[in-house]
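Novice: Numbering (this note's numbering), first residue to last: 13 to 155.
A virtual CB, placed ideally from N, CA and C, is assigned to each residue, including glycine.
These numbers were taken from a predicted model, which means no experiment stands behind them.
Below is the structure I would like to discuss, written out as structure tokens.
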């Protein structure tokens, strides 16, 4: 039962992080396009958001999940030693996992893979969504 709870928390964390990040990434990009005096009707924002949820989010969820495997192992080990700190260890680990993934992609790829990560604010929000996902995992797996 504990394994099922851990797996469901892990999947929920990766999917929540990917979905929040995808919606943010879409709206961030469309807002930047709108700033160039291009029309940006609500329906276009909605359709583009749905396309990104279908096509960008699954790939991003895999990247996030890879980072979460390491982050949750570290957070779990630290939580065993410091059980009262579990509530912030997992979100901190999720934040660092996403930030690390973004920085690694930035260093390895010739262009920024996720355009919202070009700015410090965008990188912060994407990492923050990693913290939210990790918090969800910690909540689901709490004893």
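For residue 115, count neighbouring Cβ atoms within 10 angstroms of its own Cβ and tell me buried if that reaches 16, exposed if not.
Specialist: It counts as exposed.
Novice: Spatial neighbours of residue 152 within its chain, please: C-beta separation below 7 Å, excluding the five flanking residues on both sides.
Specialist: 17, 20, 21, 24, listed in sequence order.
Novice: If you reduce the DSSP assignment to three classes, tell me which class residue 53 lands in.
Specialist: Here residue 53 sits in coil by DSSP.
Novice: Since residue 26 and residue 76 are thought to touch, with beta carbons under 8 Å apart, how far apart are those beta carbons, to the nearest angstrom?
Specialist: That belief holds up - the Cβ atoms of residue 26 and residue 76 are roughly 5 Å apart, short of 8 Å.
Novice: Check whether the Cβ atoms of residue 80 and residue 145 lie closer than 9 Å to each other.
Specialist: Contact: yes.
Novice: Sort 34, 39, 74, 89 by Cα distance to residue 64 and report the nearest one.
Specialist: Checking every option, the nearest Cα to that of residue 64 belongs to 34.
Novice: With distances taken Cα to Cα, identify the nearest neighbour of residue 154 among 126, 135, 118, 91.
Specialist: Out of 126, 135, 118, 91, 91 has the C-alpha closest to the C-alpha of residue 154.
Novice: Which residue marks the beginning of the alpha helix (DSSP H) containing residue 68, and which one marks its end?
Specialist: Where residue 68 is concerned, there is no enclosing alpha helix (DSSP H), given that its DSSP letter is neither H nor E.
Novice: 9 Å is my cut-off, CB to CB: does residue 20 come that close to chain D?
Specialist: This model lacks chain D altogether; it includes just one protein chain.
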